[in-house]
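Novice: Read in order, the letters of the sequence shown are residues -20 to -1, 1 to 84 in mature numbering (1 follows the signal peptide of the UniProt record, and there is no 0). Quick reminder that beta carbons are idealized off the backbone N, C-alpha and C, glycines included. Computed from a prediction, not measured in an experiment: that's the story for all the values here.
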Amino acid sequence: MKFKMKLGLSLLLISSNALSYQVDYSKTVQKIAVEPNNKAYVKVAEPLTLPCRYGVIYFDLSSYSGRGYLSTLLAAKMGAKKISTLSYNKDSNEICTLSIVELE
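This is the structure in structure tokens:
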């Protein structure tokens, strides 16, 4: 019984380190890029709280939410507005993926 509890606790700790969730505030869109495989990314001018590979946050343009992210990010860039809330996940390979973007 003790072995199973230790094993379960160990697996829980390992899996919680595999994915980090972060919310950053008041960021300026520096660059938006679209790649041929329905992937896109955003780079902000200010440093991100979590270190992301290449300093960018990826999102998928094949989903409705991904196209919504692109629209919101373009509005921020074109209107010179700050992103009020930027939420993203970071996996064990330091690849960050966008989950929420909000403008004021």
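Answer yes or no: do asparagine 73 and leucine -2 have a C-beta to C-beta separation smaller than 8 Å?
Specialist: In this structure, leucine -2 does not lie closer than 8 Å to asparagine 73 by Cβ.
Novice: Leaving out the 5 sequence neighbours to the left and right, which residues in its chain are closer than 6 Å to tyrosine 34 when beta-carbon positions are compared?
Specialist: Cβ neighbours of tyrosine 34 beyond the five flanking positions: none.
Novice: Do you know whose CA, among Leu50, Lys23, Ile63 and Asn18, lies nearest serine 6's CA?
Specialist: Comparing Cα positions, the closest option is Ile63.
Novice: Over the uninterrupted alpha helix (DSSP H) stretch that includes serine 72, give me the two end residues.
Specialist: From DSSP, serine 72 is part of no alpha helix (DSSP H); its letter is neither H nor E.
Novice: Here's the rule I'm using: 16 or more other beta-carbon atoms within 10 Å means buried, otherwise exposed. How should leucine 53 be labelled?
Specialist: Buried, because 16 or more other Cβ atoms sit within 10 Å of the Cβ of leucine 53.
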